[in-house]
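Colleague: Let me begin by handing over the structure; questions about it come next.
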Amino acid sequence: MKVLKFGGTSVGSVQRIKEVAGLVSGAGKNIVVLSAMSGTTNALVEIAGYYNNRNPEGAREMISRLESQYMSRIAGLYETAEAAEKATEYVRGVFSTISSFGRDIFTQALEKVILAQGELISSFLMATYMEEKGISVALMPALSFMRIDRQGEPDLEYLRGKIREEMASWPDASLYITQGYICMNASDEVDNLGRGGSDYTACLIGAAVQAEEIQIWTDIDGMHDNDPRYVEDTSAVRHLHFDEAAELAYFGAKILHPTCIQPARFANVPVRILNTMDPSAPGTLIDNALDRGSIKAVAAKDSIAAIKIKSSRMLLAHGFLRKVFEIFESYCTPIDMICTSEVGVSMSIDDTRYLNEIVHDLKKYGTVSVDLDMCIICVAGDMDWTNVGFESRVMEALKGIPVRMVSYGGSNYNISILVRQEDKALALRELSRKLFRQ
Ligand code: ADP
Ligand code: ASP
Ligand code: MG
14 MKVLKFGGTS
24 VGSVQRIKEV
34 AGLVSGAGKN
44 IVVLSAMSGT
54 TNALVEIAGY
64 YNNRNPEGAR
74 EMISRLESQY
84 MSRIAGLYET
94 AEAAEKATEY
104 VRGVFSTISS
114 FGRDIFTQAL
124 EKVILAQGEL
134 ISSFLMATYM
144 EEKGISVALM
154 PALSFMRIDR
164 QGEPDLEYLR
174 GKIREEMASW
184 PDASLYITQG
194 YICMNASDEV
204 DNLGRGGSDY
214 TACLIGAAVQ
224 AEEIQIWTDI
234 DGMHDNDPRY
244 VEDTSAVRHL
254 HFDEAAELAY
264 FGAKILHPTC
274 IQPARFANVP
284 VRILNTMDPS
294 APGTLIDNAL
304 DRGSIKAVAA
314 KDSIAAIKIK
324 SSRMLLAHGF
334 LRKVFEIFES
344 YCTPIDMICT
354 SEVGVSMSID
364 DTRYLNEIVH
374 DLKKYGTVSV
384 DLDMCIICVA
394 GDMDWTNVGF
404 ESRVMEALKG
414 IPVRMVSYGG
424 SNYNISILVR
434 QEDKALALRE
444 LSRKLFRQ
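Read in order, the letters of the sequence shown correspond to residues 14 to 451 in the working numbering.
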């Protein structure tokens, strides 16, 4: 059994829905995970924004625009009146529910309900389309098996048990369809796995059912060696180690959700990134094998803050770093990069919600300074320290760019460099030139 996830663009039009249906039917009793049609989640975020700003009029206007967009999609998708009516009724129900939220106090829980509708609609439209074509699909509600705990971490045990139960209740299905991104939380409310979270759903399910493979179908022919939004002439990387892919995803390669590789790696289920627009292209295979001696790809993550604490008295005294880390921990803020010296320690964070509080608390231990709007550039590959020359090639590429921090040796798979966000595009281009084009 495989898990096949299709992203927003892959199901972004009537034509694409039909193509995906063709791709998945007859390909085996697999689990198909769908994103919302592209643009939908953004529109839903906007609708919730209007409600949050106590502007139900604005919300209603967007709702009716989105609803009519779906109505014309329904008109183009189905051949039988029966299927079209079934889809129409479902979609009308969704939008009338969302419209009703303007009447009462708008809560975060309602916002999450709104955000969940994109995946619920796309999966319903797809399942109804496939049924119309005579395929016996099981539309499995992700809300019945995908759950996060109080810390926002997915509950894998629960998923393992519940998804098997759910699958067993559809003995005649020739394939399963479910929603990416959405889940329940510890308070039994609808929630989600964060933007781009459908990749995470697919990998969690793949790990839970010990799938043969997890396929991430998207709008590009695999993980490229640099961010195609900033660098021209990037090329697809054919193979990555789980750890290389995890570093790239975490440090900004938008093609994968930041933490989606972890469950696949733990369960040792290979992940393949494939192109819906070019299904026969080889894509990228991610597994446990390492290609020795090569630098694979570069990614970048924005909106990073670098925090420096200087304390000549006690920096390297034992217990000092623990106290510093405890401050970050008390605000549930993970540290991405860290560099130490005799007189100071610098750390970078991307979650800056509690920056002021963290800085305030750190001042107990030394002089604190902050650099905002920074960017982590991650170079991933076989960075075993005994390979000579990789670091120097990276630093040579960045010789004209001010570098705030460098982290090397933390794992065998990456070098991270912190630069100003305004230098990101140049840094990415120079790295491409030096690492992949010479
Ligand atoms: P989906 O909707 O299928 O989840 P996403 O938009 O989330 O697709 O991810 C695919 C996009 O990721 C690509 O179109 C590309 O612009 C962007 N991207 C960023 N970095 C990379 C990379 N290293 N390789 C490939 N695509 C990348
Ligand atoms: N629809 C969600 C988003 O746009 C989840 C996803 O597409 O992966 O973020
Ligand atoms: Mg995505």
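Backbone N, C-alpha and C define an ideal beta-carbon position, used for all residues, glycine too.
(1) Mind checking whether SER48 and VAL24 have CB atoms under 8 Å apart?
(2) Please report the straight-line C-alpha distance between SER445 and SER429, rounded to a whole angstrom.
(3) Compute the distance between the beta-carbons of GLY296 and LEU287, then report whether it is under 8 Å.
(4) Is the beta carbon of ILE111 sitting closer than 8 Å to the one on ALA100?
(5) Would you list the residues sitting across from ASP384 in a DSSP beta bridge?
(6) Give the straight-line distance between the Cα atoms of GLY423 and GLU260, rounded to the nearest whole angstrom.
(7) Of all residues in the structure, which have a C-beta closer than 6 Å to any heavy atom of the ligand MG, taken in chain order?
(8) Straight-line CA distance for ALA393 to ALA310?
(9) Under 8 Å, Cβ to Cβ, is there at least one residue of chain C near SER445?
(10) Under a Cβ-count criterion, where at least 16 other Cβ atoms within 10 Å of its own Cβ denotes burial, should SER343 be classed as buried or exposed?
(11) Comparing C-alpha positions only, which one of ASP246, VAL432 and ILE195 sits nearest to GLU132?
(12) Can you tell me whether THR22 sits near the ligand ADP, meaning its C-beta is under 7 Å from at least one heavy atom of the ligand?
(13) Should ASN205 go down as buried or exposed, given a rule of 16 or more other Cβ atoms within 10 Å for buried?
(14) In the DSSP output, which residue or residues are listed as bridge partners for LEU47?
(15) Take the Cβ of TRP398 as the centre, count every other Cβ of all protein chains shown within 10 Å, and call the residue buried at 16 or more, exposed below.
(16) Check the DSSP bridge columns for THR120 and list the partner residues they point to.
(17) Give the single residue among ASN198, THR214, SER293 and GLN28 whose Cα lies nearest to the Cα of GLY235.
(18) On the three-state DSSP scale, how would you describe ASP240?
(19) I want to check one thing, is the minimum distance from the CB of ALA49 to the heavy atoms of the ligand MN below 7 Å?
(20) Is SER132 near the ligand ASP, in the sense that its beta carbon is under 7 Å from a heavy atom of that ligand?
(21) So what does SER390 bridge to, in DSSP terms?
(22) Going by DSSP, name the residue or residues bridged to PRO167.
(23) With respect to the alpha helix (DSSP H) encompassing VAL401, which residues constitute its N-terminal and C-terminal limits?
(24) For GLY106, name the three-state secondary structure that DSSP assigns.
Modeller: A quick look at the data gives this:
(1) Counted from its first residue, the sequence shown places residue 48 at position 35. Counted from its first residue, the sequence shown places residue 24 at position 11. Against a cut-off of 8 Å, the Cβ pair of VAL24 and SER48 comes out as a contact.
(2) Residue 445 sits at position 432 when you count from the first residue of the sequence shown. Residue 429 sits at position 416 when you count from the first residue of the sequence shown. Between SER445 and SER429, the C-alpha separation is close to 15 Å.
(3) For the purposes of this step, residue 296 is taken as residue 283 along the sequence shown, with counting starting at 1. For the purposes of this step, residue 287 is taken as residue 274 along the sequence shown, with counting starting at 1. The answer is yes: Cβ separation under 8 Å.
(4) As a working mapping, residue 111 is identified with position 98 in the sequence shown. As a working mapping, residue 100 is identified with position 87 in the sequence shown. Taking 8 Å as the Cβ cut-off, ILE111 and ALA100 do not qualify as a contacting pair.
(5) As a first step, residue 384 is located in the sequence shown; it is residue number 371 there, counting from the start. Paired residue(s): ALA319.
(6) Your numbering for residue 423 matches position 410 in the sequence shown. Your numbering for residue 260 matches position 247 in the sequence shown. If I take the Cα positions, the gap works out to 11 Å.
(7) The set of residues with any CB-heavy atom separation to the ligand MG below 6 Å comprises, in chain order, GLY20, GLY209 and ASP212.
(8) Sequence index remark: in the sequence shown, residue 393 carries index 380 (1-based). Sequence index remark: in the sequence shown, residue 310 carries index 297 (1-based). Cα-Cα distance, rounded: 5 Å.
(9) Among the protein chains of the structure shown there is no chain C, as only one such chain exists.
(10) Translated into the one-based positions of the sequence shown, residue 343 becomes position 330. If you draw a 10 Å sphere on the C-beta of SER343, you find fewer than 16 other C-beta atoms in it, and that means exposed.
(11) Residue numbering aside, residue 132 sits at position 119 when the sequence shown is read from its first letter. For GLU132, the nearest C-alpha among the options comes from ILE195.
(12) Counted from its first residue, the sequence shown places residue 22 at position 9. Placement of the Cβ of THR22 at a distance of less than 7 Å from at least one heavy atom of the ligand ADP is found.
(13) Walking along the sequence shown from the start, residue 205 turns up at place 192. By the 10 Å Cβ count, ASN205 comes out buried.
(14) Translated into positions along the sequence shown, residue 47 becomes position 34. According to DSSP, which records beta bridges pairwise, LEU47 is partnered with PHE19 and GLN192.
(15) Walking along the sequence shown from the start, residue 398 turns up at place 385. Exposed: under 16 other Cβ atoms inside 10 Å.
(16) Your numbering for residue 120 matches position 107 in the sequence shown. Under DSSP, THR120 shares a beta bridge with no residue.
(17) Locating residue 235 in the sequence shown gives position 222, where the first residue counts as 1. Considering only alpha carbons, the answer is SER293.
(18) Residue 240 sits at position 227 when you count from the first residue of the sequence shown. Correct three-state label for ASP240: coil.
(19) As for the ligand MN, it is missing from this structure, which binds only the ligand ADP, the ligand ASP and the ligand MG.
(20) Indexing the sequence shown from 1 puts residue 132 at position 119. Residue 132 is actually Glu in this sequence, not Ser. The answer is yes for GLU132.
(21) The count along the sequence shown starts at 1 and reaches residue 390 at position 377. In the sequence as displayed, the identity of residue 390 is Ile instead of Ser. Residue pairing from DSSP places ILE390 in a beta bridge opposite ALA313 and ILE430.
(22) Numbered from its first residue, the sequence shown carries residue 167 at position 154. When DSSP reads this structure, PRO167 sits in a beta bridge with ILE161.
(23) Indexing the sequence shown from 1 puts residue 401 at position 388. That residue, VAL401, is in no alpha helix (DSSP H); it is neither H nor E in DSSP.
(24) Within the sequence shown, numbered from 1, the residue matching residue 106 stands at position 93. The answer is helix: DSSP assigns GLY106 an H, G or I state.
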